[in-house]
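FYI, the working numbering numbers position 42 of the sequence shown as 1450, with every residue one higher than the one before it. Here's the structure, in structure tokens; my notes come after.
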Amino acid sequence: MRPGAESLAAPRVRRSLLRDASVNWQLHLLLLLPLLYLLIFKYVPMWGAQIAFRDFFAVQGIVGSPWVGMANFDRFFESPQFWTVLRNTLGLSAYQIAASFPIPVILALALNNVEHRRFKKTVQLTTYAPHFISTVVMAGMIMRFLALHTGVVNNALEAVGLGRISFMSSPELFQSVYVISGIWQNAGWGTIIYLAALAGVDPQLHEAAIVDGATKLQRTRHIDVPGILPVAIILLILETGRIMQVGFEKAFLLQTPLNLTTSEVIQTYVYKIGLASPVPDYSFATAIGLFNSVINLALILVVNWLARRLSDTSLW
């Protein structure tokens, strides 16, 4: 490039961008709302993260409150609840990923091999529908189904000669109730992504495999599974990045004084400290929430690095 060409190219690029914006202003207008959402609800609240490092008083404001450094974090690390809520959060999230992540993959592979269209659509509708039930309604249904004396599940257990089980008052059963109900609610919806990935698999691969005498199981193993593997890795990375973000609403609604030892996770603990307490401690609650976010960031970085080292697929 001859001298001075770069200085001439920059104004030409700016004019091209302005001309494109004026011609396609409708598309840029559609982009405005998502950008405002990110700015207002994602970036502006970052200003309040400094509350975690202050002894916050509402009347003094964020800047006027005294700076205490890492005192709120030290208080959380030394709290008797620290290991309990951390163990419950990590345990519940790991259990949820291990149990629920393979189900949509298996369901998508099974539906992809179903030839009867009416049966396939019926199964899809049946598995998708629970996703649209709100969390509050879902928690109410779970409480009804698992009620000790009137629940459908306990009535069925008694009918086959087994004793009734107090699901909601047994700490050791809380995680299973949480995870299994989550699978029932969300497995069908997650299947949509994998069915879309399977639709992108080249049909000629299956035709060639059929000519070579491959069975359905062999074609699924050697064609369909590798076809959806990149999508599965990306979703696994994203799920791992949310490993500390256990759904607050469902955990809180299913929580009882008897199962508190396993149902108290970081989100419910932050709510009780920062909002439900007679004397809310905003600084302490913000410090716990910030700690939670840092752990999530570290996990997604590590898992993305591992995915990039072990395969050709990663987020970045």
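Beta carbons are placed, not taken as given, at the ideal position from N, Cα and C, and that holds for glycine.
What is the rounded straight-line gap between the Cα of residue i and the Cα of residue j?
{"i": "Q1458", "j": "A1706", "result": "20 Å"}
{"i": "N1704", "j": "E1523", "result": "42 Å"}
{"i": "I1641", "j": "A1507", "result": "16 Å"}
{"i": "L1498", "j": "A1617", "result": "43 Å"}
{"i": "Q1583", "j": "A1567", "result": "25 Å"}
{"i": "N1432", "j": "E1647", "result": "36 Å"}
{"i": "A1413", "j": "R1423", "result": "With a pLDDT of only 49 at A1413, under the threshold of 50, the placement of this residue in the model should not be trusted; the figure read from the coordinates follows. Taking the straight line joining both Cα atoms gives about 16 Å."}
{"i": "L1435", "j": "A1429", "result": "9 Å"}
{"i": "D1689", "j": "W1592", "result": "37 Å"}
{"i": "G1569", "j": "Y1451", "result": "57 Å"}
{"i": "Q1626", "j": "H1539", "result": "32 Å"}
{"i": "F1575", "j": "L1556", "result": "7 Å"}
{"i": "N1700", "j": "D1720", "result": "29 Å"}
{"i": "W1475", "j": "F1484", "result": "17 Å"}
{"i": "Q1468", "j": "R1462", "result": "11 Å"}
{"i": "A1595", "j": "Y1536", "result": "8 Å"}
{"i": "W1597", "j": "T1669", "result": "31 Å"}
{"i": "L1565", "j": "L1613", "result": "48 Å"}
{"i": "V1513", "j": "I1600", "result": "10 Å"}
{"i": "G1697", "j": "I1674", "result": "8 Å"}
{"i": "L1657", "j": "G1590", "result": "According to the sequence as given, residue 1657 is Glu; it is not Leu. Straight-line Cα distance between these residues: approximately 13 Å."}
{"i": "A1605", "j": "Q1532", "result": "16 Å"}
{"i": "A1695", "j": "D1610", "result": "50 Å"}
{"i": "K1528", "j": "L1519", "result": "6 Å"}
{"i": "E1615", "j": "A1502", "result": "39 Å"}
{"i": "Y1679", "j": "S1685", "result": "8 Å"}
{"i": "V1471", "j": "A1693", "result": "18 Å"}
{"i": "P1442", "j": "I1573", "result": "48 Å"}
{"i": "R1526", "j": "K1624", "result": "20 Å"}
Pull up the DSSP beta-bridge partners for residue i, would you.
{"i": "W1475", "result": "R1462"}
Cutting at 8 Å between CB atoms, please list the residues of its own chain near residue i, excluding the five before and the five after it.
{"i": "N1712", "result": "I1645, S1722, L1723 and W1724"}
{"i": "E1672", "result": "Q1489, T1492, V1493, N1496 and Q1663"}
{"i": "G1649", "result": "N1704, L1705, L1707, I1708 and V1711"}
{"i": "F1553", "result": "G1559, V1560 and V1561"}
{"i": "I1541", "result": "M1549 and Q1593"}
{"i": "M1409", "result": "Residue placement at M1409 is flagged as unreliable, the pLDDT there being 49, under the threshold of 50; a coordinate-derived value is accordingly withheld."}
Please state whether DSSP places residue i in a helix, a strand or coil.
{"i": "M1551", "result": "helix"}
{"i": "D1689", "result": "coil"}
{"i": "N1432", "result": "coil"}
{"i": "D1620", "result": "coil"}
{"i": "R1717", "result": "helix"}
{"i": "H1524", "result": "coil"}
{"i": "N1667", "result": "coil"}
{"i": "G1608", "result": "coil"}
{"i": "W1724", "result": "coil"}
{"i": "F1509", "result": "coil"}
{"i": "L1500", "result": "helix"}
{"i": "G1412", "result": "Confidence at G1412 is low in this model, with a pLDDT of 49, below 50, so its placement is unreliable and no value can be given for it."}
{"i": "Q1532", "result": "helix"}
{"i": "Q1468", "result": "coil"}
{"i": "Q1489", "result": "coil"}
{"i": "S1542", "result": "coil"}
{"i": "V1673", "result": "coil"}
Closer than 6 Å by C-beta to residue i: which residues in its own chain qualify, once you throw out the five before and the five after it? Chain order, please.
{"i": "Y1677", "result": "V1493"}
{"i": "F1449", "result": "none"}
{"i": "F1660", "result": "T1676"}
{"i": "L1439", "result": "none"}
{"i": "V1639", "result": "A1605"}
Can you find the residues in the same chain that come closer than 7 Å, C-beta to C-beta, to residue i, ignoring five residues on each side of it along the sequence?
{"i": "L1517", "result": "T1628 and D1632"}
{"i": "G1477", "result": "F1461"}
{"i": "Q1504", "result": "V1587 and G1590"}
{"i": "S1691", "result": "I1459, A1460, R1462, D1463, F1464 and N1480"}
Inset, instruction - For the region 1544–1604, list the alpha helix (DSSP H) runs that are entirely contained and at least 4 residues long, ordered along the chain. - result: 1560–1567
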